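Reviewing the structure listed below.
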Amino acid sequence: MPSPIEAKVPDIGNYHNVPVIELLVKPGDLVKKDQGLVTLESDKATMEVPSPVAGVVRELRVKLDDKVSEGAIVALIESPVGATESRVQAIEPAKPAQEAKAVPAIDAANPSAAPDRAGDASLERRVDAGAATHRPTAPPVRFSANAVMPERVPYATPAVRLFARELGVDLAQVAGSGKGGRVLREDVQAFVRQAFAAGGARGAGSGGAGLGLLPWPEIDFSKFGPVQTQPLSKIKRASGSNLARNWAMIPHVTQHDVADITEMEAFRKQLGTEQKDLKITPLVFLIKAAVAALQRFPIFNAALDAKGETLTLKQYFHIGIAVDTPEGLVVPVIRDCDRKGILELARELALVSAKARDRKLTPAEMSGGCFSISSLGGIGGTAFTPIINAPEVAILGVSKSSMQPVWSGTAFEPRLMLPLSLSYDHRVIDGAAAARFVAYMALVLADLRRLML
Ligand code: CAO
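Per numbering that gives the first Met the number 0, numbering of the sequence shown is gapless, rising by one per residue and ending at 452.
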């Protein structure tokens with residue numbers, strides 16, 4: 000058995016006393032020639048000390064945080080003399096037969112010997128020959144630290160870079176949890192896990208799987224006090240996936256406004272006394288006002304394609320209504336709202352709300368929407384940010400109306416004001432258009448005669 004070969008820190012430029020930040024192998028590991036043994040980190044770069052030969056790591060001569068300079072021995076590598084062919088194959092990367100013939104095997108310690116052994120693809124024979132005639136030492140591999148790890152590229156060791164490359168992961172997207180923000184192997188693994196969990200949430204012009212988010216914190220809460228767990232309902236899990244995708248992939252902006260519904264409310268109350276068996280809430284008026292605004296601003300009645308490049312403008316007016324049920328949120332769609340009057344809409348709204356709460360809605364009754372309304376007005380609040388129901392491009396949130404002092408020009412008058420919150424996809428809709436859309440809705444709600452125009 001020949002003496003083990005010393006793996007030394009090669010020429011690393013003008014760096015001295017560089018800390019060892021990572022041990023990439025341990026005694027007993029099989030290594031290939033040039034495989035990284037330890038990682039060093041200067042103030043500007045990380046670099047690996049390569050194994051001078053293929054073989055087995057007999058001893059590591061450094062530990063984490065040791066400081067090393069050029070020539071320091073980091074490990075002893077035993078060459079695989081007497082190793083079986085399969086063991087050698089395990090450490091020799093497979094090469095196509097042609098390549099093996101064309102590329103001479105080069106002994107780092109004796110490059111001139113290479114031509115003699117051209118075509119010798121057997122590592123064992125190569126190492127044997129080297130061991131018999133020379134005692135190879137660490138090859139003088141030159142490092143350009145900045146070429147290995149330029150400051151502007153993500154901070155990661157070459158091993159992690161290689162790992163990310165093999166998995167097709169763009170390191171720039173991965174958040175590093177290591178010292179100083181260094182991207183670790185585990186960060187890349189977590190990134191890939193998350194990409195899979197996102198279930199191919201791609202489209203609308205960006206890669207949902209490439210968000211580069213930190214892994215979800217996993218905390219044992221029972222350490223802090225008594226807890227119990229409860230699975231999310233099926234509806235919540237399904238709507239949650241949609242909401243998460245829509246929130247992550249659509250650049251939302253929410254435009255807030257208020258509508259003076261004093262007259263509308265008087266009319267609604269009057270209708271209520273006439274239609275004893277029908278509950279008429281502000282929501283049906285909002286459906287009509289939304290349709291009027293969609294007709295006036297057709298870009299809001301549109302769907303964006305998966306690439307984020309083409310809009311489909313709809314010439315029908317089906318409105319989705321968010322309904323709160325004990326199992327979670329569902330969005331039944333009321334069709335052809337432009338062709339239906341207040342009373343018909345009120346009847347249909349009562350019907351779909353009851354069906355939603357009884358879990359009797361069919362998928363067909365929840366599809367085909369153009370624009371959605373989420374009304375929390377029966378509960379409270381002054382404003383909120385509803386999440387757009389992709390591929391729709393806008394959604395209206397409605398909060399609770401309240402009496403407000405409004406300046407009439409000569410005096411403050413008590414007026415019933417209804418808060419409106421319009422979230423819109425900023426890729427499709429400009430802020431000015433959104434402000435006009437919601438202001439127009441407020442105008443219609445303030446004077447319902449405008450619905451007839
Ligand atoms: N301001 C003041 N009062 C309002 C109001 C508003 N904007 N909107 C409704 N109300 C009143 C109604 O007039 C009704 O009063 P009365 O009982 O005195 O008649 C009361 O509030 C309850 O209304 P409602 O909520 O039963 O009826 P609706 O037509 O307004 O809404 C429905 C129907 C199905 C949309 C609603 O019940 C619901 O589920 N809303 C929740 C939607 C939701 O969860 N959105 C959030 C999505 S994001 O998580």
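C-beta: ideal position from N, C-alpha, C; glycine also.
Nothing here was measured: the structure is a model prediction, and the numbers come from that model.
query	result
Which residues DSSP lists as bridging lysine 66, in chain order	Pro18
As assigned by DSSP and simplified to three states, the class of glycine 408	coil
Straight-line Cα distance separating isoleucine 76 from leucine 29	9 angstroms
Local Cβ density within 10 Å of isoleucine 387, reported as buried at 16 or more and exposed below that	buried
Near the ligand CAO: aspartate 323 beta-carbon under 7 angstroms from a heavy atom	yes
Heavy atom of the ligand CAO within 7 angstroms of proline 281 beta-carbon	yes
Assigned secondary structure, tyrosine 439 (DSSP; H/G/I helix, E/B strand, else coil)	helix
Asparagine 245 burial status per 10 Å Cβ neighbour count (16 or more: buried)	buried
Contact belief for leucine 310 with alanine 301 at Cβ below 8 angstroms, rounded distance in angstroms	5 angstroms
Alanine 291 beta carbon less than 8 angstroms from that of leucine 450	yes
Closest Cα partner of phenylalanine 266 within the set Ile279, His255, Gln254 and Asp256	Ile279
Burial state of glutamate 217 (16 or more Cβ within 10 Å)	exposed
Any non-hydrogen atom of the ligand CAO within 7 angstroms of valine 397 CB	yes
Proline 390 CB to nearest heavy atom of the ligand CAO below 7 angstroms	no
Beta-carbon gap between valine 191 and leucine 166 smaller than 8 angstroms	yes
Straight-line gap, proline 157 to valine 173 (C-alpha atoms, nearest Å)	15 angstroms
Beta carbon of proline 9 nearer than 8 angstroms to that of glutamate 69	yes
Residue span of the alpha helix (DSSP H) that contains threonine 252, given as start and end	Note on identity: in this sequence residue 252 is valine, with threonine being the wrong assignment. First-last for valine 252: 251–259, but that is the beta strand (DSSP E), not the alpha helix (DSSP H).
Three-way DSSP call (helix, strand, coil) for proline 362 in this model	helix
Beta carbon of alanine 345 nearer than 8 angstroms to that of valine 283	yes
Isoleucine 11 versus glycine 35: straight-line alpha-carbon distance, rounded	14 angstroms
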